[in-house]
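Those letters in the sequence shown? Residues 46 to 162, by this note's numbering. For reference, the structure discussed in these notes is given below.
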Amino acid sequence: MPETMPTVPIAVPVIGPTLPAVDAVRAQILRELQLVALDNARALQAFDSGARDICSGLRLLANADTWSSPAQRCLALEAELLADAISLVATAAALAEEDYRSVHDALALESAALSAR
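Printed below as a string of structure tokens:
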């Protein structure tokens, strides 16, 4: 007679109660991740707005008519280059903001699907 492994039957009531607890924890994690994504998107939006304001100020400064000496014109060129660099960073921030907003939306969909179960 072959040896058999003893089996322990797992009743449905033993499995059933664990799923809502796991789902509740998962829902809480999704909510927290949504908050983080939204906070990051808002921070990047504020950074983008501030950086663009700085760029505008630098461009106004660089294009001012008061630059007369070669050193002043050199400073004007540097201000323009700095504005270009900050503008690139602001564009990257805007792209990252879009990514965080799409992550937030995806997490919201997953959370809705979880609560529909």
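Just so you know, even glycine gets a beta-carbon here, dropped at the ideal spot from N, CA and C.
Can you name, in chain order, every residue of its own chain whose Cβ lies under 8 angstroms from the Cβ of residue i, other than the five neighbours on each side?
| i | result |
| --- | --- |
| residue 152 | 75, 78, 79, 82 |
| residue 131 | 96, 99, 100, 103 |
| residue 71 | 159 |
| residue 117 | 111 |
| residue 69 | none |
In whole angstroms, give me the CA-to-CA distance for residue i and residue j.
| i | j | result |
| --- | --- | --- |
| residue 106 | residue 135 | 19 angstroms |
| residue 148 | residue 102 | 33 angstroms |
| residue 85 | residue 93 | 12 angstroms |
| residue 143 | residue 114 | 44 angstroms |
| residue 161 | residue 67 | 15 angstroms |
| residue 119 | residue 125 | 10 angstroms |
| residue 154 | residue 145 | 14 angstroms |
| residue 122 | residue 129 | 11 angstroms |
| residue 109 | residue 156 | 53 angstroms |
| residue 65 | residue 150 | 23 angstroms |
| residue 87 | residue 133 | 19 angstroms |
Could you pull out every residue in the same chain whose Cβ sits closer than 7 angstroms to the Cβ of residue i, ignoring the five residues on either side in sequence?
| i | result |
| --- | --- |
| residue 73 | none |
| residue 127 | 103 |
Check for me: the alpha helix (DSSP H) holding residue i runs from which residue to which?
| i | result |
| --- | --- |
| residue 136 | 115-161 |
Should residue i be counted as a contact of the ligand NAP given a C-beta to heavy atom distance under 7 angstroms?
| i | result |
| --- | --- |
| residue 104 | The ligand NAP is not part of this structure, which contains no ligands at all. |
If you drop the 5 nearest sequence neighbours on each side, which residues of the same chain put their C-beta closer than 6 angstroms to that of residue i?
| i | result |
| --- | --- |
| residue 90 | 142 |
| residue 138 | 89, 92, 93 |
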